[in-house]
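Numbered according to the UniProt record's numbering, the sequence shown spans residues 1 to 192.
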Amino acid sequence: MAMAVSVSSLAFSHLSISCSSSPFRFPSSSSSSSSQLSCSASFTSSQFLGTSMHGNTLRPSVFSLGRPSLVKVLAATTTTTTKKADSAAKRARQAEKRHIYNKSRKSEIRTRMKKVFLALDGLKKRTDAAAEDIKPVEVLIGEAYSVIDKAVKVGTIHRNTGNHRKSRLARAKKTLETQLGWYTPVAAVSQV
């Protein structure tokens with residue numbers, strides 16, 4: 001007698017078998033059998049004969065209920081859950097995205113700093129420079145500070161690196177102002 005098997009999952013939480021006379025069910029927790037057909041079996045993956053996994057689908061195969069001469073059952077095709085993405089591959093994709101994003105941020109920081117240094121060099125070379133000519137350089141410094149602070153906030157560069165770069169800009173401006181006589185450092189007052 002041949003029967004068709006409907007497999008609910010690969011874990012075999014239960015197995016329903018339809019017979020010519022009446023359907024019956026084998027629960028996975030108990031070993032009770034139906035009154036129509038006396039057959040005790042617990043279904044495990046080791047009872048599949050000739051099963052083949054192709055992709056995520058279990059192909060139809062023949063397995064026995066413990067008495068191969070009595071009952072041969074054809075397993076229905078089931079689909080397993082999709083495999084999660086490989087974590088290493090996902091990390092690699094994320095690292096590539098962050099690399100591109102961080103590269104553009106760092107490039108923007110370097111560009112803004114170069115603009116400030118070039119403006120300061122141009123101002124240093126001018127012989128008729130006035131104190132008001134430093135205003136456009138201060139605007140450039142403010143823009144550079146903003147880009148540096150944003151890069152620190154999102155984690156592209158370390159906080160100390162951002163502070164170091166801002167200090168370089170401020171120090172270059174202060175040095176130029178001192179050289180041109182627009183700023184005189186205050187002597188440190190010693191406390192006795």
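Idealized CB from N, CA, C, for every residue including glycine.
Closer than 7 Å: residue i CB and nearest the ligand PLP heavy atom
{"i": "Leu-169", "result": "In the structure shown, the ligand PLP is absent, as is every other ligand, since no ligand is present at all."}
Residue nearest to residue i in terms of C-alpha spacing, selected from the options
{"i": "Arg-165", "options": "Ile-100, Thr-184, Gln-179, Ala-144", "result": "Ala-144"}
{"i": "Gly-162", "options": "Arg-110, Glu-96, Ser-104, Glu-177", "result": "Arg-110"}
{"i": "Lys-174", "options": "Val-137, Val-189, Ile-157", "result": "Val-137"}
{"i": "Glu-183", "options": "Lys-114, Lys-103, Glu-132, Asp-121", "result": "In the sequence as presented, Glu is not what sits at residue 183; that position holds Tyr. Checking every option, the nearest Cα to that of Tyr-183 belongs to Glu-132."}
{"i": "Lys-150", "options": "Ala-95, Ser-190, Arg-105", "result": "Arg-105"}
{"i": "Ser-167", "options": "Arg-91, Gly-142, His-99", "result": "Gly-142"}
{"i": "Ile-134", "options": "Leu-180, Ser-190, Ser-87", "result": "Leu-180"}
{"i": "Val-154", "options": "Arg-91, Gln-191, Arg-98", "result": "Arg-98"}
Sequence-distant residues of its chain with Cβ nearer than 6 Å to residue i (five each side left out)
{"i": "Glu-108", "result": "Val-147"}
{"i": "Lys-115", "result": "Leu-140"}
{"i": "Ser-87", "result": "none"}
Contacting residues, own chain, Cβ-Cβ under 7 Å from residue i (five flanking each side not counted)
{"i": "Arg-159", "result": "Val-152"}
{"i": "Leu-176", "result": "Leu-120, Leu-123, Lys-124"}
{"i": "Thr-102", "result": "Here residue 102 is Asn; the residue named in the question, Thr, does not match the sequence. The residues are Thr-156."}
{"i": "Met-113", "result": "Ala-144, Arg-165, Leu-169"}
Anticipated Cβ contact below 8 Å, residue i with residue j, distance rounded
{"i": "Ala-170", "j": "Phe-117", "result": "In fact, because the Cβ distance is near 12 Å, the residues do not count as touching under 8 Å."}
Close-in-space but distant-in-sequence residues of the same chain around residue i (CB under 8 Å, 5 per side omitted)
{"i": "Pro-185", "result": "Thr-178"}
{"i": "Thr-129", "result": "Checking the sequence shown, residue 129 turns out to be Ala, not Thr. Counting only Cβ-Cβ distances below 8 Å, and skipping sequence neighbours, we find Leu-123, Leu-180."}
Original post:
Which runs of the beta strand (DSSP E), 3 residues or longer, sit entirely within the stretch 88–132?
Top reply: none
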